[in-house]
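Here's the structure, in structure tokens; my notes come after.
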Amino acid sequence: MKLPDFLQFEPFNRLREVMGADQLGAFEFFDPKLHLTAAEREQLALGLRLGWAQLRCLHDYTLAYKNSRVLLWIDETSVVEVARGSDADSGWTAPCYHLADCRSLRAVRRAAPDVRVMVATALPPPDPWPWRVCPECLQQLQFRGFDAARARHRDYSDRVLEKFDLDDFFRHYPVYPVTSDVLRALDSVV
Ligand SMILES: [Zn+2]
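With positions in the sequence shown counted from 1, the corresponding number in the working numbering is that position plus 445.
So, in structure tokens, the structure goes:
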């Protein structure tokens, strides 16, 4: 079936004029490899267990699953597998969640390439204490000028870490949607 060219379709053009809609807007066909369904978005708010290959590292080093930025953590189920596969300096130490493809996450990935990790768009439940953001991620992103390597900057970086707020982070790096141009430009996963 051939659809008419709706840009030349007078009744729609008149309607756009009445609505004052001078922009055509953007529309993308749904691609299940790139786009989350509504159900997947709901699941992602609670947490999904995924393999590394399903994740992407965006050009800004943040992590994405399909067209949503995500945070990532290693929960009890995965930590056993990580420990089994890792050596002493896998880089994984305190229970914290990651927002970027940081040094410590790369070390975990090398040590446990088959582990399935948790990703979500919201914080994991306390275990038993609230999870903390990974300082290596803030370093990788230089988030709000965080730079633990600069000794004279240390107090400032400590404050950024202490006051870190996930909502504030997602204002800088919007969760959803990551556009398909960005996703298609990436041929590698995390
Ligand atoms: Zn990290």
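Just so you know, even glycine gets a beta-carbon here, dropped at the ideal spot from N, CA and C.
Leaving out five residues on either side along the sequence, give the residues of the same chain with a beta carbon under 8 Å from the beta carbon of residue i.
i	result
Phe457	Phe451
His640	Lying before the first or after the last residue shown, residue 640 is absent from the chain, which here runs from 446 to 635.
Leu479	Lys511, Asn512, Ser625, Leu628, Arg629
Gln585	Tyr506, Ala545, Asp546, Cys547, Arg548
Cys465	Checking the sequence, you will find Gly at residue 465 rather than Cys. Once the five neighbours on either side are set aside, Gly465 has no close Cβ partner at all.
Leu631	Arg501, Cys502, Leu503, His504
Grab the span of the alpha helix (DSSP H) containing residue i for me, first residue to last.
i	result
Leu489	483-491
His543	Where His543 is concerned, there is no enclosing alpha helix (DSSP H), given that its DSSP letter is neither H nor E.
Leu479	Segment: none, Leu479 is in no alpha helix (DSSP H) and carries neither H nor E.
Phe457	455-464
Phe615	611-617
Val623	Taken as a continuous stretch (DSSP letters only), Val623 belongs to no alpha helix (DSSP H), as it is neither H nor E.
Apart from the five residues just before and just after residue i, which ones in its own chain have a Cβ nearer than 7 Å to its Cβ?
i	result
Arg459	none
Pro580	Ala593, Leu606
Val644	The question about residue 644 has no answer here: the residues shown for the chain are numbered 446 through 635.
Ser602	Phe591, Asp592, Ala593
Asp534	Residue confidence is low: Asp534 scores 47 on pLDDT, short of 50, so the model does not pin down where it sits. Its coordinate-derived value is still stated next. There are no such residues.
Residues in the same chain with beta-carbon distance under 6 Å from residue i, minus the five sequence neighbours each way, listed in chain order, please.
i	result
Asp505	none
Phe474	none
Arg555	none
Ala490	Thr566, Ala567
Trp518	Tyr542, Met563, Pro569
Gly492	Met563, Ala565
Pro622	Asn512
Leu583	Phe591
Taking the alpha-carbon of residue i as reference, which of the options has the nearest alpha-carbon?
i	options	result
Asp509	Asp546, Asp476, Pro477	It is Ala, not Asp, that sits at residue 509 in the sequence shown. Checked all of Asp546, Asp476, Pro477; the closest Cα to Ala509 is Asp546.
Asp613	Arg486, Phe588, Asn512	Phe588
Pro573	Arg548, Val463, Thr507, Cys541	Cys541
Leu495	Ser549, Leu516, Ala483	Leu516
Pro558	Thr507, Glu462, Leu500	Leu500
Thr624	Phe472, Lys608, His617, Ser549	Phe472
Pro575	Val560, Phe609, Trp497, Leu503	Phe609
Arg551	Gln488, Arg461, Cys502	Cys502
Gln453	Met464, Ala484, Leu469	Leu469
Val553	Trp497, Leu583, Ala596	Trp497
Taking the beta strand (DSSP E) that residue i falls in, what are its first and last residues?
i	result
Arg604	From DSSP, Arg604 is part of no beta strand (DSSP E) but of the alpha helix (DSSP H) over 599-607.
Arg501	500-502
Val515	513-518
Leu508	508-510
Any alpha helix (DSSP H) of 4 or more consecutive residues that is wholly inside the stretch 549-587: 580-586
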